[in-house]
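> Chains as they are written, first to last, in the working numbering: chain P, 1 to 151; chain Z, 1 to 151; chain C, 1 to 151; chain F, 1 to 151.
Yeah, the Cβ is synthetic: ideal placement off N, Cα and C, and Gly gets one too.
Protein chains: 4
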Amino acid sequence: MSAKLTIQQIQQRIDRSPANRWLGITVLDLEDSGITLQMPVRAEMTGNPDTRVLHGGFMGCLIDTACSFAVIAQTGESVVTIDLSVDFHEAQRSPLLVATASVLRIGRRIASTEVRVTEADGRLVASGRAVFANVPFTPHARRKDSGSRSP
Amino acid sequence: MSAKLTIQQIQQRIDRSPANRWLGITVLDLEDSGITLQMPVRAEMTGNPDTRVLHGGFMGCLIDTACSFAVIAQTGESVVTIDLSVDFHEAQRSPLLVATASVLRIGRRIASTEVRVTEADGRLVASGRAVFANVPFTPHARRKDSGSRSP
Amino acid sequence: MSAKLTIQQIQQRIDRSPANRWLGITVLDLEDSGITLQMPVRAEMTGNPDTRVLHGGFMGCLIDTACSFAVIAQTGESVVTIDLSVDFHEAQRSPLLVATASVLRIGRRIASTEVRVTEADGRLVASGRAVFANVPFTPHARRKDSGSRSP
Amino acid sequence: MSAKLTIQQIQQRIDRSPANRWLGITVLDLEDSGITLQMPVRAEMTGNPDTRVLHGGFMGCLIDTACSFAVIAQTGESVVTIDLSVDFHEAQRSPLLVATASVLRIGRRIASTEVRVTEADGRLVASGRAVFANVPFTPHARRKDSGSRSP
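(1) Quick one: is A133(P) near chain C, going by C-beta distance under 8 Å?
(2) Per DSSP, F132(P) is paired with what?
(3) Give the C-beta separation of V117(P) and V98(P) to the nearest angstrom, bearing in mind that I take them to be a contact with Cβ-Cβ under 8 Å.
(4) Of all the options E119(F), I14(F) and D29(F), which has the alpha carbon lying nearest to the alpha carbon of L23(F)?
(5) Below 8 Å on C-beta distance, what does R109(C) contact in chain P?
(6) Counting only beta-carbon atoms, is R105(Z) nearer than 8 Å to chain C?
(7) Could you check whether the Cβ of D15(F) sits closer than 8 Å to any Cβ belonging to chain Z?
(8) Taking the alpha helix (DSSP H) that L62(P) belongs to, which residues open and close that run?
(9) When every heavy atom of the ligand PLP is checked, does at least one fall within less than 7 Å of the C-beta of P136(C)?
(10) With DSSP as the reference, label R105(Z) as helix, strand or coil.
(11) Assign Q12(C) to buried or exposed, taking buried as 16 or more other Cβ atoms, counted over all protein chains shown, within 10 Å of its Cβ.
(12) Considering just the uninterrupted stretch of the beta strand (DSSP E) at L37(Z), what are its terminal residues?
(13) Please report the Cβ distance between V41(C) and G60(C), rounded to the nearest whole angstrom; I am assuming they are in contact, meaning their Cβ atoms lie under 8 Å.
(14) Would H55(C) count as contacting chain Z if we go by Cβ distances under 8 Å?
(15) Give the range of the alpha helix (DSSP H) segment to which L23(P) is assigned.
(16) Within 10 angstroms of its Cβ, does D64(P) collect 16 or more other Cβ (buried), or is it exposed?
(17) Give me the subset of the region 61-77 of chain Z whose CB atoms are less than 7 Å from a CB atom of chain C, sorted by chain position.
(18) Go ahead and label D83(P) buried or exposed: buried means 16 or more other beta carbons lie within 10 angstroms of its beta carbon, across all protein chains shown.
(19) Below 7 Å CB to CB, which residues in the same chain sit around G34(F) once its five sequence neighbours on both sides are set aside?
(20) Taking 8 Å as the limit between beta carbons, can you name the residues of its chain near V27(Z), skipping five residues before and five after?
(21) Look up E44(P) in the DSSP assignment and say whether it is helix, strand or coil.
(22) By how many angstroms is the C-alpha of R52(P) removed from the C-alpha of F88(P)?
(23) Note down, in chain order, each residue of its chain lying with its Cβ closer than 6 Å to the Cβ of V115(C), except the 5 sequence neighbours on either side.
(24) Is it buried or exposed for L5(C), if we count other Cβ within 10 angstroms and need 16 for buried?
(25) Does any C-beta atom of chain F lie closer than 8 Å to the C-beta of D83(Z)?
(26) Looking only at DSSP bridge pairs, what is A126(F) linked to?
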């Protein structure tokens with residue numbers, strides 16, 4: 001497999017999404033079967049005022065975006081998330097999280113992915129996996145009737 | 001099981017978290033073995049500018065908060081998320097999501113939960129489950145060394 | 001929703017599978033949106049010779065069969081498991097496990113389910129969920145090229 | 001990390017379990033942070049008489065054993081499965097499945113793992129992950145009161 005989109009095209013599609021813009025997600029690298037993204041930890045993502053550790057849900061945001069764009073980079077098409085899971089390994093400490101997502105398999109209808117989230121020092125803070133339905137990409141699609149579609 | 005905390009006490013603990021305040025999560029109801037919360041869909045949570053459907057990760061935010069407070073309501077203690085998963089059933093359409101989370105089991109060290117997310121009309125848009133480690137609640141805890149802790 | 005198949009037809013399709021026959025799975029009840037099955041704990045399913053507790057994987061066998069037949073009962077079609085998860089709550093103690101699986105949503109291509117596994121006394125020992133692809137039922141299908149198909 | 005147990009000691013502990021003996025699981029290799037096991041596909045594991053494809057639950061058996069022994073190899077202790085998930089990528093075709101499980105993190109109380117299942121030709125047929133509670137190993141332990149314990 002080799003990517004159908006360039007880093008610039010992927011960043012452009014990431015930036016089409018208000019959520020991804022707010023999350024501040026940027027592409028760091030594009031590999032043969034995956035993609036590496038980073039997300040800064042905003043103050044609004046803090047789950048606990050004392051520990052200042054990330055609210056777990058925002059790890060899910062990073063994982064959903066990373067896994068979906070690992071597929072989109074290969075297919076050029078859009079995806080709809082079928083399901084998503086996150087394993088938390090260590091408390092996030094640094095202000096920047098790096099997610100490396102890989103495609104496990106892209107079938108005709110279903111794509112499977114996995115992801116690892118590390119901090120700058122390489123510490124593994126979370127891992128996850130997600131399954132997507134592949135759908136045709138339409139740059140200005142109308143409202144769809146199912147799933148949480150990524151552009 | 002009956003709740004150790006009142007709705008007001010739970011709302012207060014939800015509001016201690018910058019993330020939960022930004023997410024706008026409020027308690028609707030407290031049941032014997034669970035809790036019902038709501039979250040408004042902010043413009044910044046939109047995954048696709050055309051469909052205006054929620055970015056899947058924010059469903060994870062609602063699910064993490066709902067499941068964790070289903071446990072916290074029973075124990076009065078804090079929790080650290082071990083893992084979390086989300087199944088997406090239908091595209092979110094309404095501007096308000098309602099999550100009903102239930103405790104499946106609270107053990108000495110581990111608590112298991114499940115959740116359903118519906119819209120105002122009762123349509124099931126997502127479901128999920130989460131597992132937590134139970135940890136003592138310290139209102140002004142210092143930074144912990146693992147997991148994504150909820151107050 | 002109402003079931004397309006009778007208990008007898010479902011039991012017949014369960015019995016077509018060598019695995020389900022070996023597992024000894026039988027239908028107890030058929031509900032509007034789900035199904036209740038039972039599985040005896042065979043000596044070969046014991047994970048530990050001292051504790052004689054079930055090997056966790058066999059809980060996955062029961063869950064896969066229960067969830068898939070919750071869908072099959074509604075559609076009459078076959079399914080291919082996309083993914084499956086199990087949460088373990090208590091050690092199995094009794095020689096008979098009862099699984100009640102429910103359909104969360106049947107879409108055109110994807111079906112989502114959840115399940116609870118209890119013992120005779122009502123104790124919840126495990127829960128789970130599974131997602132399936134719907135595929136046409138062909139009683140004497142040739143080898144398919146993906147997934148783990150249930151008849 | 002380096003393994004505390006040898007391949008022979010691991011095989012011995014695998015063989016203490018009636019389930020693992022019936023499943024026919026043998027250790028192929030022991031790596032710094034993981035383990036490789038194989039499982040033959042018995043006729044009784046066939047989910048569909050026509051396609052002769054593995055019943056999905058037995059993939060869960062292999063994954064539970066592989067992930068638990070990835071941890072046990074490092075710690076020498078026993079584990080109790082907290083949760084387990086399986087993603088199915090392709091139909092199993094060959095009579096022998098190979099699972100390579102890796103430790104993601106071993107904490108004081110919780111251990112996280114992931115696994116890939118391939119066939120002889122390297123084809124990826126499934127992947128999965130599991131979370132365990134670490135418990136002291138007692139060769140002739142009495143019945144425990146929670147989880148599905150691996151020896």
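According to the structure data:
(1) yes
(2) T81(P) and A111(P)
(3) 7 Å
(4) I14(F)
(5) R109 and A133
(6) yes
(7) It does not; no Cβ of chain Z falls within 8 Å.
(8) G56 to T75
(9) As for the ligand PLP, it is missing from this structure, which has no ligand bound.
(10) strand
(11) exposed
(12) G34 to P40
(13) Between G60(C) and V41(C) the Cβ distance is about 14 Å, and since that is not below 8 Å, they are no contact.
(14) no
(15) P18 to L23
(16) buried
(17) none
(18) With 16 or more other CB atoms across the displayed protein chains lying within 10 angstroms of its CB, D83(P) is buried.
(19) A70, T100, A101, S102 and V103
(20) Setting aside the 5 residues that flank it on each side, V27(Z) is surrounded in the same chain by I7, I10, Q11, I14, I35, T36, L37 and F69, each with a C-beta closer than 8 Å to its C-beta; the list follows chain order.
(21) It is helical.
(22) 16 Å
(23) I63, A66, C67, A99, A101 and G128
(24) Only buried fits L5(C), as 16 or more other CB atoms lie within 10 angstroms of its CB.
(25) Cβ-Cβ to chain F under 8 Å: yes for D83(Z).
(26) F88(F) and V117(F)
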